[in-house]
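Participant:
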Amino acid sequence: MAGAQDIRRRIRSVRNMQQITKAMKMVSAAKLRKAQQKLNAARPYARQLQGVLERLAQAPVDVIHPLLKKRPVQKVVYVLITSDRGLCGGYNANLIRKTSGLITETQHEVKLVTVGRKGRDFFRRGKIEFLAEFTGFGDEPSYNQAKEVAQEIVRLYEQGEADEVYLMYTEFVTAMTQRPAQLKLLPIEQPAGKQGKQYIFEPSAEEILNTLLPKYVETQIFRTLLEGKASEQGARMTAMSSATDNAKDMIDKLSLAMNRARQAAITTEISEIVSGAASLE
Amino acid sequence: MAGTFSLQIVSPEGNVLKEEVEFVVLPGGLGELGILPNHSPLIAGLDIGVIRYTMNSTVKRVAITGGFVEVADNSATVLANSAELSEVIDLARAVDAKERALKRLAVRSNEIDLRRAEYALRRAAARISAAEKQ
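Going line by line, the protein sequences match chains A and B. Okay, so the first sequence: first residue is 266 according to the numbering used here, each after it adds one. Okay, so the second sequence: first residue is 479 according to the numbering used here, each after it adds one.
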């Protein structure tokens, strides 16, 4: 058995780690709350935009917008939304596993656009071509960052670099549960228009569609970025919480071992003294 | 006045405003749009500008940077790219931004820069006009 001194040293190092994981847990709890707020704030806009899109579907629009048009699928682009930083449990690993699964299954030509360092670093080792990569979006992705990504994706789509675009992101369910998810971004599936009110369109349904569709792509990306961010913080909080618990268990075990070692040392010492005294008699 | 209707302004950053109003003027793509209660269903594109809405004969202003409006069932929903209530606009910053944009317009550079400066100028002008007339 290791000496009491060695064990004491280990306990100290585990305790230091515990302090770090505990701090990280609290930090990510605070960031989670913020991310969740932003996610909730973005939802009404996304919902309303979807609503307008539905209303537009029932309008007699002759022009087929390029973002709506289905093409025979040959090239598929996956937009992988991961985090820049690690230490967040299975957050990135789960999504990467799901994406790799899809890539090996599909018969189409696959290319990637990555948001976040973790996804990029993983797939850089493979043979898949990258069309674009984005990193450093920070803890609070802004709408302008989403716009940047959206513009790049729309450009790729319009130039024929992609016939279909999927968003791979992590859906935020609760702080404890996050689910890897897939969303078909382009071509935009126009929701079936329910026959309803007769709308006046100004300037025209076509022109509104022209500005609305890119906006729709932006909001979807913005929403998935926020979902990802909230999921990341949730995953990190859970991971750090269990790390803190594990450290506590470890400290308990080590303390027990240390006490035993100390006891053993004392016992040996006493028996030495006793036997020393006995030999003098 | 023939009653009120509800005006809601949402932007990607969150809900900006939800209020009962009597009258609202929106910066439409083809000119200003006035909406009164019981307007017929309408979907319109909006430009950079100022939304003015009237309630109990006080006029309030919100600066927006383009978007859409949907009017139906006696409520108007504005989907703004961004929206700022006149109370929260930092006037000094807006004036600064306007001057910066003007300066950049004066230096004849390439077309993209010019367009961007013009866009910034219009945004700043909208914010200023919303904030000043409060």
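In this text, a Cβ means the ideal position worked out from N, Cα and C, and glycines have one as well.
Over what stretch of residues does the beta strand (DSSP E) that includes B:Glu498 continue unbroken?
Facilitator: Indexing the second sequence from 1 puts residue 498 of chain B at position 20. First-last of the beta strand (DSSP E) with B:Glu498: 492–499.
Participant: Within 9 angstroms of any Cβ in chain A, is that where the Cβ of B:Arg566 sits?
Facilitator: Taking the first residue of the second sequence as position 1, residue 566 of chain B is located at position 88. Note that residue 566 of chain B is Val in the sequence shown, not Arg. Not an interface residue.
Participant: Check distances from the C-beta atoms of the stretch 481–514 of chain B to those of chain A and list, in chain order, the residues that come in under 8 angstroms.
Facilitator: Within the stretch 481–514 of chain B, the residues whose Cβ lies closer than 8 angstroms to some Cβ of chain A are Val488, Ser489, Pro490, Glu491, Gly492, Asn493, Gly506, Gly507, Leu508, Leu511, listed in chain order.
Participant: Quick check: the stretch 372–384 of chain A against the stretch 397–417 of chain A, are at least 3 beta-carbon pairs closer than 8 angstroms?
Facilitator: The stretch 397–417 of chain A is in contact with the stretch 372–384 of chain A.
Participant: Determine the closest residue to A:Gly391 out of A:Arg273, A:Ile368, A:Ser496, with distance taken between C-alpha atoms.
Facilitator: Counting from one through the first sequence, the residue named residue 391 of chain A turns up at place 126. For A:Gly391, the nearest C-alpha among the options comes from A:Ile368.
Participant: Measuring only the C-alpha atoms, how far is A:Glu534 from A:Lys287?
Facilitator: On the first sequence, residue 534 of chain A is found 269 positions in, with the first residue counted as 1. On the first sequence, residue 287 of chain A is found 22 positions in, with the first residue counted as 1. Taking the straight line joining both Cα atoms gives about 40 angstroms.
Participant: For the 8 angstroms Cβ check, are there 3 or more pairs between the stretch 336–349 of chain A and the stretch 310–323 of chain A?
Facilitator: Contact fails: fewer than three Cβ-Cβ distances are below 8 angstroms.
Participant: Of all Cβ atoms in chain B, is any one closer than 9 angstroms to the Cβ of A:Ile453?
Facilitator: Within the first sequence, residue 453 of chain A is the residue found at index 188, counting from 1. No, A:Ile453 lies away from the interface with chain B (no Cβ there is under 9 angstroms from its Cβ).
Participant: Applying the 10 Å Cβ sphere with the 16-neighbour rule, what's the burial state of B:Phe501?
Facilitator: Sequence index remark: in the second sequence, residue 501 of chain B carries index 23 (1-based). That one is buried.
Participant: Can you list, in chain order, the residues of its chain with a C-beta nearer than 8 angstroms to that of A:Asn475? Leave out the 5 residues immediately preceding and following it.
Facilitator: For the purposes of this step, residue 475 of chain A is taken as the residue at position 210 of the first sequence. Within the same chain, A:Asn475 has close Cβ partners His330.
Participant: Compute the Euclidean distance between the alpha carbons of A:Met266 and A:Ala529, then round it to the nearest angstrom.
Facilitator: Translated into the one-based positions of the first sequence, residue 266 of chain A becomes position 1. Translated into the one-based positions of the first sequence, residue 529 of chain A becomes position 264. At A:Met266 the pLDDT is 49, less than 50, meaning the model places this residue with poor confidence and gives no usable figure here.
Participant: Considering only residues of the stretch 309–378 of chain A, which uninterrupted beta strand (DSSP E) runs meet the minimum length of 3 residues and lie entirely inside it, listed in chain order?
Facilitator: Entirely contained in the stretch 309–378 of chain A, the beta strand (DSSP E) runs reaching 3 residues are, in chain order, 340–346.
Participant: Buried or exposed, going by whether 16 or more other CB atoms sit within 10 Å of the CB of A:Ser544?
Facilitator: Taking the first residue of the first sequence as 1, we reach residue 544 of chain A at position 279. With fewer than 16 Cβ atoms within 10 Å of its Cβ, A:Ser544 is classed as exposed.
Participant: Give me the Cα-Cα distance between A:Leu332 and B:Leu557, rounded to the nearest whole angstrom.
Facilitator: Position 67 of the first sequence, counted from the first residue, corresponds to residue 332 of chain A. Position 79 of the second sequence, counted from the first residue, corresponds to residue 557 of chain B. Going by the C-alpha atoms only, they are around 21 angstroms apart.
Participant: Excluding five sequence neighbours on each side, which residues of the same chain lie with their C-beta closer than 7 angstroms to the C-beta of A:Lys412?
Facilitator: Working through the first sequence from its first residue, we reach residue 412 of chain A at position 147. Taken in chain order, the residues that qualify are Glu483.
Participant: Beta-carbon of B:Thr516 versus every beta-carbon of chain A: anything under 9 angstroms?
Facilitator: Position 38 of the second sequence holds residue 516 of chain B. A small correction: the amino acid at residue 516 of chain B is Asn; Thr does not occupy that position in the sequence shown. By this cut-off, B:Asn516 is not an interface position.
Participant: Name, in chain order, the residues that DSSP records as bridge partners for A:Val380.
Facilitator: In the first sequence, counting from the first residue as 1, residue 380 of chain A sits at position 115. DSSP output for A:Val380 lists A:Ile346, A:Phe399 as bridge partner(s).
Participant: With DSSP as the reference, please indicate the residues paired to A:Ala495 in a beta bridge.
Facilitator: For the purposes of this step, residue 495 of chain A is taken as residue 230 along the first sequence, with counting starting at 1. Looking at the DSSP assignment, A:Ala495 forms no beta bridge with any residue, so it has no partner.
Participant: Go ahead and pull the three-state DSSP assignment for B:Val566.
Facilitator: For the purposes of this step, residue 566 of chain B is identified with residue 88 of the second sequence, where counting begins at 1. Reduced to three states, the DSSP call for B:Val566 is helix.
Participant: From the DSSP output, read off the bridge partner residues of B:Ser607.
Facilitator: Start at 1 with the first residue of the second sequence, and residue 607 of chain B comes out as number 129. Its beta-bridge partners do not exist; DSSP assigns none.
Participant: Between the beta-carbon of B:Leu504 and the beta-carbon of B:Gly527, is there less than 9 angstroms?
Facilitator: Looking up residue 504 of chain B in the second sequence gives position 26. Looking up residue 527 of chain B in the second sequence gives position 49. Taking 9 angstroms as the Cβ cut-off, B:Leu504 and B:Gly527 qualify as a contacting pair.
Participant: List, from N- to C-terminal side, the beta strand (DSSP E) runs of 3 residues or more that fit wholly inside the stretch 484–554 of chain B.
Facilitator: If we require 3 residues or more, the beta strand (DSSP E) runs fully inside the stretch 484–554 of chain B come out as 492–499, 501–506, 509–513, 520–533, 536–550.
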